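Residue numbers (my numbering), protein chains in the order written: chain Y, 1 to 234; chain U, 1001 to 1234.
Just so it is clear, CB atoms sit at the ideal spot from N, CA and C, and this is done for glycine as well.
All figures in this text were calculated on a predicted structure; none of them were measured in a lab.
Reviewing the structure listed below.
Protein chains: 2
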Amino acid sequence: MPANHFVYPTQQAWIWDTTMESYHRHQSQQLGEGMNCEKEPMFEKPLTPSDVGKLNRLVIPKQYAEKYFPLDAEAGEKGLLLSFEDENGKIWRFRYSYWTSSQSYVLTKGWSRFVKEKQLDAGDVVIFLRRRGNGDRLFVGSRRRGSGQDSITAGSAAQPPAMHWNPAFCQSTSLASSSYLYLNSIPQEEQSSEATEAGTGNSKKLRLFGVNLECGHLITGSQVMSRKASGHQL
Amino acid sequence: MPANHFVYPTQQAWIWDTTMESYHRHQSQQLGEGMNCEKEPMFEKPLTPSDVGKLNRLVIPKQYAEKYFPLDAEAGEKGLLLSFEDENGKIWRFRYSYWTSSQSYVLTKGWSRFVKEKQLDAGDVVIFLRRRGNGDRLFVGSRRRGSGQDSITAGSAAQPPAMHWNPAFCQSTSLASSSYLYLNSIPQEEQSSEATEAGTGNSKKLRLFGVNLECGHLITGSQVMSRKASGHQL
DNA sequence: GTATCGACCTGATTA
DNA sequence: CTAATCAGGTCGATA
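In structure tokens form, the structure reads like this:
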């Protein structure tokens, strides 16, 4: 990977390339390490046509999924609701789950809205970051293909709303007062009202970002019922 | 339909045309009715391009589906796993279900592998048979288009692995000791192992080939729950 | 009717 | 070679 050296415009509205490399460099240079702004890049993914298409899902490469968003076996059934902040402090809630049939981790619900609002296209790159601290927070951003170290430099111009990171985002702790990491169980909207005691003792433990969490009732009783020993282990 | 008279080669390796007519004739002539070899043809279908294409499914004409593979309303949601033996005793498991959107009965999972292995093309004919007895068994075969009573005589030759039935298949009771009819619920591969008591009362009844069967846990509780009144009735 | 979502599936590619 | 991955699909339910 070639280091990509950007000259940042000396304006208030900074435009970042959001490569992990430049991110780190920028963070160190402009803000220092001690400013309560340690968003750690977790991973990036160049979006495939399917990721931005009608399938309304983002496949998260397994290596990253299992490293950063581990689902324990129990939570795996219905997934989790993960909340991410974007560069404006807006919260994006994505359902995150594992598809056993394809052995893949996906963001489903909410993802298509993100693609639409950010006007993401195939080849653009999403980046996921976290800030460790009292209650971890998750962040999501994107950059246009061709920006940063991408291979394709894309002759097409004029794609306004792609992701721009600016330093203010890095201090959004105050900005987004209600934007703390939300890590919830999937709301049980489509689940049985009889679910109440079918899955007794069904509250789940999840370790995410080094934090142990309780997730209530992620699995319906009957789904729990019929799992085979062949289920994947995380 | 013109009766198609075949002269069988007087060799050990019989080549059958698998038309129902010749099947019956052959069975009676060569083996008699009492040889524990009463495979009854149920139906045939000339394969459409879609049946052998990327859709990975076989549409079963409704009249045959409802006659031979009735799905009760409950089983309709997830379908069934039907197992068929081919002429070699190999078991082919196909998911069988009803698609409300197209109002059609289909074999889905497993079908594409069958098409591939048998190298079936559009115009080739699949034939489904059953043997009644202690535990019904299902059989599947195929023949090339142009063989038997087919309309298209197909100028193209040289398609080796198409289906050939030979009399040995008819006595495969011993041959395929492990090849009894498997009539299972869809394996719940992706589901939980803690299955034990959560989904009580979830076993399903299915009448198939005049045999009433219990199919455990075809439907998860939440699926049952969300079934709409619009489900098809059989 | 349309869009989204959840679950399931498969083939091509690759480790 | 086999096994794992994942891009690109399906249907059906829901909103």
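Backbone CA spacing between residue i and residue j [nearest angstrom]
i       : j       : result
Y/K45   : Y/R95   : 17 Å
Y/F69   : U/K1054 : 34 Å
U/L1038 : U/D1086 : In the sequence as displayed, the identity of residue 1038 of chain U is Glu instead of Leu. Cα to Cα, U/E1038 sits roughly 15 Å from U/D1086.
Y/L129  : Y/Q63   : 15 Å
Y/L82   : Y/L107  : 9 Å
U/D1121 : U/N1088 : 20 Å
Y/D136  : Y/D51   : 26 Å
Y/D72   : Y/E66   : 10 Å
U/K1116 : Y/L47   : 32 Å
U/P1061 : U/F1043 : 9 Å
U/L1138 : U/K1090 : 12 Å
U/R1131 : U/L1058 : 22 Å
U/G1133 : Y/L80   : 49 Å
Residues that residue i bridges to, as DSSP identifies them
i       : result
U/K1045 : U/V1126
U/K1039 : U/R1131
Y/F139  : Y/E85, Y/L129
U/L1058 : U/L1107
Cβ separation of residue i and residue j, assumed to be a contact under 8 Å, to the nearest whole Å
i       : j       : result
U/F1084 : U/V1140 : 4 Å
Y/N56   : Y/S112  : 4 Å
U/K1118 : U/S1142 : 5 Å
U/G1110 : U/R1145 : Contact flag wrong, Cβ pair sits at about 22 Å.
Residue i vs residue j beta-carbon contact at 8 Å
i       : j       : result
Y/K78   : Y/S104  : no
U/W1092 : U/F1114 : yes
U/I1127 : U/P1049 : no
Continuous alpha helix (DSSP H) stretch holding residue i: start and end
i      : result
Y/S104 : Run containing Y/S104: none in the alpha helix (DSSP H); it sits in the beta strand (DSSP E), 104 to 107.
Y/V115 : 111 to 118
Y/K90  : No alpha helix (DSSP H) holds Y/K90; DSSP gives it neither H nor E.
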